[in-house]
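For the sequence shown, the residue numbers in the numbering used here are 15 to 194.
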Amino acid sequence: MLQMGAQFESLKHRPDFPRIVRLDSASLSPVSHMTKQSWTLVALAVLLGALYLFRFTDLGRARQIQINVSSRPFAPLAAADDPLPVIFGLDREWQLTGLRVTPLAEVTNAHPKCAWNLESKNGSTPTRGFAYGDDVPGMKPVGGTAAVKLIPGTAYRLEIEAGRARGAANFTPQAAGGVQ
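Dropping the structure here:
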């Protein structure tokens, strides 16, 4: 063993023998060795990645609620000038936070008169659909007013909200008079 130690000692004095160099933590950081061009390329890659995410995915966009509007021709107790029941179906279960039915002629007004207006602070019970004028669990009428009777042949717009998601559908109720 003594002999190995002597050989090691003789190697230490040779100029081609690797020397131990102490480095501080700043010189070990890969960030400190990056050039301006490297930083520019990293910034460009991050920018292109963010652009891709927001442009070609649904990230950052408000989700669209798909609404299916249908009338049910079965209304045995309806008068001839009463509208048929209108049913609204949704694409999946939503916790609605706002629901408004407005005559289409009034949609562009600053303060349109709503035929039916419900809201909820925490969201309704998850629902896939509802009928016009029915209670939607978890939602309350705005101003305490109930739904106004729809006028057959008049176009209306339903607008619903579920958090940031929104949806709208136009519909025209039909008169129950010709249906038996």
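Each residue gets a CB set at the ideal place from its N, CA and C atoms; glycine is no exception.
If the criterion is Cβ atoms closer than 8 Å, does the pair residue i and residue j meet it?
i, j, result
"A145", "P187", "no"
"A182", "R171", "yes"
"A92", "A190", "yes"
"T111", "G137", "yes"
"A133", "K127", "Residue identity check: residue 133 is Glu in the sequence provided, not Ala. Contact flag unset, no."
"L67", "L73", "yes"
DSSP three-state call for residue i: helix, strand or coil?
i, result
"R106", "strand"
"K154", "strand"
"R69", "helix"
"A57", "helix"
"L204", "Outside the shown range of the chain (15 to 194) lies residue 204, about which nothing can therefore be said."
"L132", "strand"
"Q80", "coil"
"L98", "coil"
"S85", "strand"
"L164", "coil"
"G236", "Because residue 236 is not part of the residues shown, which for the chain are 15 to 194, the question remains open."
Relative to the C-alpha of residue i, which residue among the options is closest?
i, options, result
"R86", "Q80, V56, D96, Q78", "D96"
"V156", "V115, T122, L58", "V115"
"T141", "R106, M48, F68", "R106"
"G177", "K50, G63, Q78", "Q78"
"P117", "Q109, W130, W108, L110", "W130"
"A161", "P90, V56, L113, Y66", "L113"
"W108", "F70, M153, H125", "M153"
Counting only the same chain and skipping the five closest in sequence on each side, list residues whose C-beta sits under 7 Å from that of residue i.
i, result
"I101", "S84, R86, G143, A145"
Beta strand (DSSP E) containing residue i: first to last residue?
i, result
"T141", "141 to 145"
"N184", "179 to 185"
Output needed for residue i: all residues of its chain with C-beta closer than 6 Å, excluding positions within five of it in sequence on either side, in chain order.
i, result
"E175", "T111, G112"
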